[in-house]
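Q:
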Amino acid sequence: MDYQDSSSPLRAHSQHYASQSNDEDDDEIESRHSGQNNDFSQADYFVEAERTYNNASWVYRLPADHEEVVRQDRLHYILLSLLPGLYRGPGVALDYGSRRWPNFSLRSIASGLVGLVYMGQMADETDITPLQHDSQFRNCTFMQVNAPAGLRTLGGNSFDVVNIRQMLHATDEYPSMVKEAHRLLRTGGILLVHEPQLQLHSAWEGYSLEDLAPCLAQMIGHLRAAYQYRGIDTELFSKMDQVLVEAGFDADGIDVYYHYRQACSEDPHSEVGMNEVLNAISFLYAARLMILETGVIDEDGFDQLMPGISDEVSGRSRGIAGPLGAQGMLSPWGYWWVIKGHE
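Residue numbers for the sequence shown follow full-length UniProt numbering, beginning at 1 and rising by one.
#1: Exposed or buried, what is G325 when buried is set at 16 or more other beta-carbons lying within 10 Å of its beta-carbon?
#2: Across the segment 155-165 and the segment 183-195, are there enough close Cβ pairs to call them in contact, namely three or more that are closer than 8 Å?
#3: Is it a yes or a no for the segment 214-224 touching the segment 293-312, going by three-plus beta-carbon pairs under 8 Å?
#4: Please state whether DSSP places I291 in a helix, a strand or coil.
#5: Which full runs of the alpha helix (DSSP H) of 4+ residues lie inside the segment 205-234, going along the chain?
#6: Quick check on R51: does DSSP put it in helix, strand or coil?
#7: Measuring straight from C-alpha to C-alpha, what distance separates V313 and V256?
#8: Check the C-beta distance from T234 over to Q199 and give it rounded, since I have them as a contact under 8 Å.
#9: Who are the Cβ neighbours of A247 in its own chain at under 6 Å, not counting the five residues just before and after it?
#10: Using the three-state DSSP reduction, which class does T187 fall into: helix, strand or coil?
#11: So the candidates are N279, Q327, L192; which of them puts its Cα closest to the Cα of residue 394?
#12: Between G328 and the rest of its own chain, which residues show a CB-CB distance below 7 Å, the 5 nearest in sequence each way excluded?
#13: Can you find the residues in the same chain that come closer than 8 Å, C-beta to C-beta, to L82, ignoring five residues on each side of it along the sequence?
#14: Return the CA-CA distance between Y335 and P196, expressed in angstroms with no decimal places.
#15: Determine the burial state of Y118: buried for a count of at least 16 other Cβ atoms within 10 Å of its Cβ, exposed for fewer.
#16: Please list, in chain order, all residues of the same chain as G341 whose beta carbon is under 6 Å from its beta carbon, the five residues on each side excluded.
#17: Do H169 and Y87 have their C-beta atoms within less than 7 Å of each other?
#18: What's the C-alpha gap between G295 and D303?
#19: Do L223 and A286 have their C-beta atoms closer together than 7 Å?
#20: Do P63 and R74 have their CB atoms nearer than 7 Å?
#21: Return helix, strand or coil for G115, following the three-state DSSP convention.
#22: May I have the straight-line CA-CA distance separating P323 from P268, to the nearest angstrom?
#23: Return the residue from the list V162, Y174, V161 that minimises the CA-CA distance to P148.
#24: Quick one, are the C-beta atoms of M219 and R61 less than 7 Å apart?
#25: Can you look up E195 in the DSSP assignment and give me helix, strand or coil?
#26: From what residue to what residue does the beta strand (DSSP E) around L200 run?
#27: Can you tell me the Cα-Cα spacing of H66 and S57, whole angstroms?
#28: Could you name the residues that DSSP lists as bridge partners for S270?
#29: CB-CB under 6 Å to W333, same chain, minus the five flanking residues each way: which ones, in chain order?
#30: Rounded to the nearest angstrom, what separates D300 and R316 at their Cα positions?
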C-alpha cells in the first residue's frame, strides 16, 4: 500500500482547525479543547474540533475516526518496511499461527489493537475481528476486551500467544496488563511486546535535540508532559525486563531486539520517507487534544509549532545542526520475545 501521494496533512489539518475559529469572539468562548464544554461522562464517544474520540478511557486520548485509521495503517506499512522478516501485523500473525500450529487452539490477544475498546470500535481497518469473516480460521476465537480489567474474565493458562503492541502510551496500568498476559499464557506460550521509548535522543555528538530540530524538540517535550499528566509511566521502556520479571516471567526466557527510527528519514523523498513525514505530522495532530488539555501550550502555540515541525521532518530544519538535523534525532523501539516457563 502506497501512501506517498496523500494530501499534505499539515495543510489539511491547518484548514481543519482554522475552520473552527471565530476571530470576533475568541476572547469570549471557552477553549474548544478544554474538555469542559459538555458532560461526556455517559457517552460512548465525544467530538472535539470535528475529531471523534472514544470515551472508554481518559488515559488514551487519540481519535477514533477514519483519519486515525489511515495513520495507524500507514505506521503498519512503515514498520513492515523497516523490520522486514521481523515485524508482523495481527492478520499475518494469525494466518501464520493457524498454518504453523493447526492442532493448537490458537487465540491471540492483540492488545495494541483490540485490548482497548477504543481500538476495537474505531473502524474495521484496525480491528482484527473482520478477519473472522474474511478468512476461515477454524481454530481461532475472536473477541474484544478492555485491558487489563477485561482480561480477568478469561481463563488462565489458556493462550498460546499474547501480543502487546504500542500500549505504553495507551494505559496507566501497563504492569497489570503484563501480569495478566503471564496468567493467560500456557507454559511454553509466547509474549510478544513491541514498544517505543516515548522520547527522542540526539545521535549527533555535541548537538542537543533543540539544535537538531527545535520545533519538534519542543513539541515532544509537551507530548511527554501530556503522557505524565495522564499517569503514564514514561520510564517503563527502560524497565521492561523488570516489569516482565515482576509479572512472573523468567529472566532467562526474555530476549529483546532494539531498533531506531529517525525523526527525519535518510531519504525524505522515498516512499518510506514520505510515509514517515505523513505519520509524524498526523500523529502530532492526533495528539493535539491530549497535549492541549495539559495546559503546557495553547491552541495558537500548537499551531505555530506545526509548520516548523513539518519542515524539520522533511529535511528542512532551521536548527543550528543544519537542514537534515532531524536525522540525528532517534526514537528507540524495543521488540521483546518472552517465553513462559514452568511455574
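For every residue, glycine included, the Cβ atom is placed at its ideal position computed from N, Cα and C.
Just so we're clear, the structure is a prediction, and the values are computed from it rather than from any experiment.
A: Taking the coordinates as given:
#1: Flag for G325 reads buried.
#2: Taking 8 Å as the limit for Cβ pairs, the verdict is that the segment 183-195 does touch the segment 155-165.
#3: Result yes; three or more Cβ-Cβ pairs closer than 8 Å.
#4: Note: I291 maps to helix in three-state DSSP.
#5: List check, alpha helix (DSSP H) in window: 209-212, 214-229.
#6: Three-state result, R51: strand.
#7: Going from the Cα of V313 to the Cα of V256 covers about 28 Å.
#8: Their Cβ separation, rounded to whole angstroms, is 7 Å, which keeps T234 and Q199 in contact under 8 Å.
#9: Counting only Cβ-Cβ distances below 6 Å, and skipping sequence neighbours, we find V178, K179, H182.
#10: DSSP, read as helix, strand or coil, puts T187 in strand.
#11: Residue 394 falls outside the range modelled here, since the chain spans only 1 to 343, and no answer is possible.
#12: These residues qualify, in order along the chain: S202, A203, W204, Y207, L212, A321.
#13: Around L82: H259, R261, V272.
#14: Whole-angstrom Cα-Cα distance: 9 Å.
#15: Only weak support exists for where Y118 lies, its pLDDT of 24 falling under 50; the coordinates are left without a value.
#16: Only D250, G253 meet the Cβ criterion.
#17: Contact: no.
#18: In this structure, the CA atom of G295 is about 14 Å from the CA atom of D303.
#19: No, Cβ-Cβ distance for L223 and A286 is not below 7 Å.
#20: Not closer than 7 Å, so no.
#21: Confidence is the limiting factor: at G115 the pLDDT is only 29, short of 50, which leaves the residue's position unreliable, though a coordinate-based value still follows. G115: helix per DSSP, three-state reduction.
#22: So the two alpha carbons sit approximately 12 Å from each other.
#23: Nearest of V162, Y174, V161 to P148, Cα basis: Y174.
#24: In this structure, R61 does not lie closer than 7 Å to M219 by Cβ.
#25: Strand at E195.
#26: First-last for L200: undefined, no H or E at that position.
#27: H66 and S57 have their C-alpha atoms some 19 Å from each other.
#28: Partner(s): none; S270 has no beta bridge.
#29: Closer than 6 Å at the Cβ level, and outside the excluded window around W333, lie P196, H259.
#30: A straight line joining the alpha-carbon of D300 with that of R316 spans about 22 Å.
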